[in-house]
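65 is the number of the first residue of the sequence shown in my numbering; add one for each residue after it.
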Amino acid sequence: MVVVIDFGSQYNQLIARRVRECHVYCQIESPSADIDTIQSLNPEGIILSGGPASIYEKNSPTIDPAIFNLGIPILGICYGMQFMIHALGGKVEKTAKREYGFAELAIKKPTGLFDRIEQTTTCWMSHGDSIVELPPGFVATASTENTDLAAVANPHQRLYGLQFHPEVHHTPKGKRMLKNFLVNICGCKQNWTMKAFAKETVSKIRESVADKKVILGLSGGVDSSVTALLIHKAIGKNLTCIFIDNGLLRLNEADRMKKLLKQHLDINIRFINAGKQFLSALAGVNDPEKKRKIIGKIFMDIFEAEAQKIEGAEFLAQGTLYPDIIESRSAFGGPTSIIKSHHNVGGLPKKMKLKLVEPLQFLFKDEVRKLGKAIGLPEELVWRQPFPGPGLAIRIIGEINQRRLSILRNVDAILLEEIKASGYYKRLWQSFAVLLPVKSVGVMGDKRTYENIIAIRAVTSKDAMTADWARLPYKILGQISNRIINEVKGVNRVVYDISSKPPSTIEWE
Ligand code: XMP
Numbered sequence: 065m066v067v068v069i070d071f072g073s074q075y076n077q078l079i080a081r082r083v084r085e086c087h088v089y090c091q092i093e094s095p096s097a098d099i100d101t102i103q104s105l106n107p108e109g110i111i112l113s114g115g116p117a118s119i120y121e122k123n124s125p126t127i128d129p130a131i132f133n134l135g136i137p138i139l140g141i142c143y144g145m146q147f148m149i150h151a152l153g154g155k156v157e158k159t160a161k162r163e164y165g166f167a168e169l170a171i172k173k174p175t176g177l178f179d180r181i182e183q184t185t186t187c188w189m190s191h192g193d194s195i196v197e198l199p200p201g202f203v204a205t206a207s208t209e210n211t212d213l214a215a216v217a218n219p220h221q222r223l224y225g226l227q228f229h230p231e232v233h234h235t236p237k238g239k240r241m242l243k244n245f246l247v248n249i250c251g252c253k254q255n256w257t258m259k260a261f262a263k264e265t266v267s268k269i270r271e272s273v274a275d276k277k278v279i280l281g282l283s284g285g286v287d288s289s290v291t292a293l294l295i296h297k298a299i300g301k302n303l304t305c306i307f308i309d310n311g312l313l314r315l316n317e318a319d320r321m322k323k324l325l326k327q328h329l330d331i332n333i334r335f336i337n338a339g340k341q342f343l344s345a346l347a348g349v350n351d352p353e354k355k356r357k358i359i360g361k362i363f364m365d366i367f368e369a370e371a372q373k374i375e376g377a378e379f380l381a382q383g384t385l386y387p388d389i390i391e392s393r394s395a396f397g398g399p400t401s402i403i404k405s406h407h408n409v410g411g412l413p414k415k416m417k418l419k420l421v422e423p424l425q426f427l428f429k430d431e432v433r434k435l436g437k438a439i440g441l442p443e444e445l446v447w448r449q450p451f452p453g454p455g456l457a458i459r460i461i462g463e464i465n466q467r468r469l470s471i472l473r474n475v476d477a478i479l480l481e482e483i484k485a486s487g488y489y490k491r492l493w494q495s496f497a498v499l500l501p502v503k504s505v506g507v508m509g510d511k512r513t514y515e516n517i518i519a520i521r522a523v524t525s526k527d528a529m530t531a532d533w534a535r536l537p538y539k540i541l542g543q544i545s546n547r548i549i550n551e552v553k554g555v556n557r558v559v560y561d562i563s564s565k566p567p568s569t570i571e572w573e
């Protein structure tokens with residue numbers, strides 16, 4: 065395995081992915097991790113990521129320089145390289161020529177990181193500081209027009225540095241460079257596959273849970289379904305899943321999920337129909353945060369009551385993904401608060417004194433889908449778009465009542481049908497409808513109407529931390545709009561949301 069030290073680069077997740085794409089397992093660690101912790105992971109290589117800081121800034125991130133004496137090959141990328149050079153006695157300075165974007169890379173010798181890469185290739189730069197003096201033992205291995213030290217190495221100690229970003233696709237030979245590092249320099253075996261990962265994870269779960277009982281809030285989303293299946297493979301009937309229908313699901317979703325889960329997962333599942341409880345507590349509530357709080361509290365109360373019926377439950381399983389961990393770490397500043405603030409069962413482990421099982425915590429969404437496929441989860445579950453815990457409550461802006469729920473459900477069903485028929489469903493991170501609290505004037509059959517407005521939201525994303533509005537073809541948008549206005553009573557206007565995240569968010573509330 066390989067450890068990536070996270071110096072805060074926006075590309076860190078890409079580094080981790082690229083390593084896994086080379087079939088090598090990789091784990092991201094904070095620079096504050098001590099050397100013993102890193103050594104205990106037994107890494108075959110270490111990658112120091114880039115980051116937004118300058119090494120001369122006051123609180124710039126650092127890692128114990130003893131890391132360079134471990135005898136483990138190290139690759140520093142951008143800030144990671146500057147940190148290494150500085151720590152080993154070289155000099156880094158703010159230069160007049162900042163470099164952003166494409167640069168031509170001239171490689172001195174096709175060896176080491178550049179094994180089997182042609183002498184000139186394109187690379188992606190994004191830096192303000194540059195190396196001006198190398199530490200002893202280091203040589204320059206590639207240059208660009210602006211810097212003679214675009215790549216450096218101390219081959220004897222197996223320390224390498226790149227000023228550019230090999231992990232982004234704008235550096236076309238970057239993956240080859242990473243592979244050279246992992247395979248030729250670190251000697252990693254390329255045997256990490258999703259199947260191997262699944263096997264390893266199942267045995268780890270079996271080991272840590274032993275004969276104790278585990279409970280899991282199952283939503284039917286891909287994360288909780290994959291988590292359920294993995295744990296079930298490990299401990300069988302000692303896993304109990306709780307599915308709570310909060311009355312805020314999509315059209316016929318509760319029944320469909322019930323059938324699907326029963327049919328494909330031979331798992332203990334308790335289905336709780338609590339729609340009435342949620343909807344009566346939400347009556348007359350307009351404020352988004354209040355809605356979330358009410359829903360979260362009722363969910364926790366029901367979940368806790370159900371969980372207490374399961375005698376001897378000691379573990380709570382969650383489908384937390386790697387971006388969730390990163391998001392909450394940066395939001396709360398500590399590895400203890402690793403649960404997303406909007407996570408439905410966030411408060412449960414503490415309240416119920418349960419230990420956590422989070423088998424997906426180092427994976428990204430698309431990797432979870434691959435894992436799901438590898439362990440035999442049916443296609444329909446593998447490819448479901450994410451759906452938020454508070455459900456349609458945060459897509460009905462303003463008051464929630466049965467009539468408004470029914471309008472949104474019918475609209476949403478048409479939207480999904482059309483998106484699926486167009487072949488876009490798998491390509492979109494999410495696609496859904498939002499019911500607005502304003503009405504507009506229209507004309508239908510020569511008669512004036514004064515009805516609801518629907519906003520369509522469709523976004524592409526890798527992990528929901530950033531997202532872009534989807535450039536859906538006009539023909540598809542036109543067809544969706546026509547069908548909604550013609551088929552759903554109470555709607556006379558459809559608009560398309562063309563905002564990206566940030567500064568907007570994916571959900572409207
Ligand atoms: P935002 O709206 O913050 O959403 O850009 C990011 C992703 O998270 C989902 N989301 C939630 N999921 N409980 C959840 O389980 C929630 O309270 C919640 N709020 C937002 C959202 O659908 C998107 O995928």
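Using N, Cα and C, we set each Cβ at its ideal position, and we do this for glycine too.
If I measure Cβ to Cβ from residue i and keep anything under 6 Å in the same chain, skipping five residues before and after, which residues do I get?
{"i": "Y164", "result": "S190"}
{"i": "A485", "result": "none"}
{"i": "G140", "result": "L112, M148, G225"}
{"i": "V273", "result": "I299, F379"}
{"i": "V505", "result": "Y514"}
{"i": "F342", "result": "N310, G311, I362"}
{"i": "R81", "result": "none"}
{"i": "F202", "result": "V216, N218"}
{"i": "N76", "result": "D70, S113"}
{"i": "C187", "result": "A167, L169, F228, T235"}
Need the endpoints of the beta strand (DSSP E) that residue i sits in, please.
{"i": "T513", "result": "511-524"}
{"i": "R162", "result": "155-171"}
{"i": "H191", "result": "184-197"}
{"i": "G140", "result": "138-141"}
{"i": "I299", "result": "Element bounds for I299: not the beta strand (DSSP E) but the alpha helix (DSSP H), 286-299."}
{"i": "I306", "result": "303-309"}
{"i": "Q494", "result": "494-508"}
Quick one: is the Cβ of residue i within less than 6 Å of any heavy atom of ligand 1?
{"i": "I461", "result": "no"}
{"i": "V311", "result": "Checking the sequence shown, residue 311 turns out to be Gly, not Val. Every heavy atom of ligand 1 is 6 Å or more from the Cβ of G311, so no."}
{"i": "P387", "result": "no"}
{"i": "G455", "result": "no"}
{"i": "E571", "result": "yes"}
{"i": "A292", "result": "no"}
{"i": "K357", "result": "no"}
{"i": "K263", "result": "no"}
{"i": "P452", "result": "yes"}
{"i": "A565", "result": "Just to set this straight, residue 565 is Lys in the shown sequence, not Ala. At least one heavy atom of ligand 1 is nearer than 6 Å to the Cβ of K565, so yes."}
{"i": "A345", "result": "no"}
{"i": "A217", "result": "no"}
{"i": "A528", "result": "yes"}
Taking Cβ to Cβ, would you say residue i is nearer than 7 Å to residue j?
{"i": "I198", "j": "M241", "result": "Sequence inspection shows Leu at residue 198; the Ile mentioned does not correspond to that position. No, these two residues do not count as a Cβ contact at 7 Å."}
{"i": "D286", "j": "R448", "result": "For the record, residue 286 in the displayed sequence is Val; it is not Asp. Yes, the Cβ-Cβ distance between V286 and R448 is below 7 Å."}
{"i": "N302", "j": "K277", "result": "yes"}
{"i": "F261", "j": "F307", "result": "no"}
{"i": "E571", "j": "I458", "result": "yes"}
{"i": "V558", "j": "S545", "result": "yes"}
{"i": "Q91", "j": "I119", "result": "no"}
Whose C-beta lies closer than 7 Å to the C-beta of residue i among residues of the same chain, with five residues either side of it excluded?
{"i": "I471", "result": "L499, N516, V552, G554, V555"}
{"i": "E157", "result": "D193, S194, V196"}
Along the alpha helix (DSSP H) that carries residue i, what are the first and last residues, could you check?
{"i": "A345", "result": "339-346"}
{"i": "L324", "result": "317-328"}
{"i": "D100", "result": "99-104"}
{"i": "P352", "result": "352-372"}
{"i": "L435", "result": "429-438"}
{"i": "V88", "result": "Premise fails: V88 is in no alpha helix (DSSP H) and is neither H nor E."}
{"i": "G542", "result": "538-551"}
{"i": "R9", "result": "It is not possible to answer for residue 9, since the shown part of the chain is limited to 65 through 573."}
Leaving out five residues on either side along the sequence, give the residues of the same chain with a beta carbon under 8 Å from the beta carbon of residue i.
{"i": "E375", "result": "K277"}
{"i": "L427", "result": "L385, Y386, L435"}
{"i": "L492", "result": "Q449, I483, A522, V523, T524, A534"}
Exercise. Between the segment 463-479 and the segment 343-357, are three or more C-beta pairs nearer than 8 Å?
Worked result: The answer is yes - the segment 343-357 touches the segment 463-479, with three or more Cβ pairs under 8 Å.
Exercise. Touch check for the segment 169-183 and the segment 238-258: three-plus C-beta pairs under 8 Å?
Worked result: The segment 169-183, when compared against the segment 238-258, does touch it at the 8 Å Cβ threshold.
Problem set entry | the segment 228-239 touching the segment 259-274, judged by at least three CB pairs closer than 8 Å | The segment 228-239 vs the segment 259-274: no contact.
Exercise. Touching or not, the segment 165-174 and the segment 124-143, by the rule of three or more beta carbon pairs under 8 Å?
Worked result: Result no; under three Cβ-Cβ pairs closer than 8 Å.
For this session: Decide yes or no for the touch test of the segment 96-116 against the segment 67-85: beta carbon pairs closer than 8 Å, at least 3 of them.
Result: They touch, by the three-pair rule.
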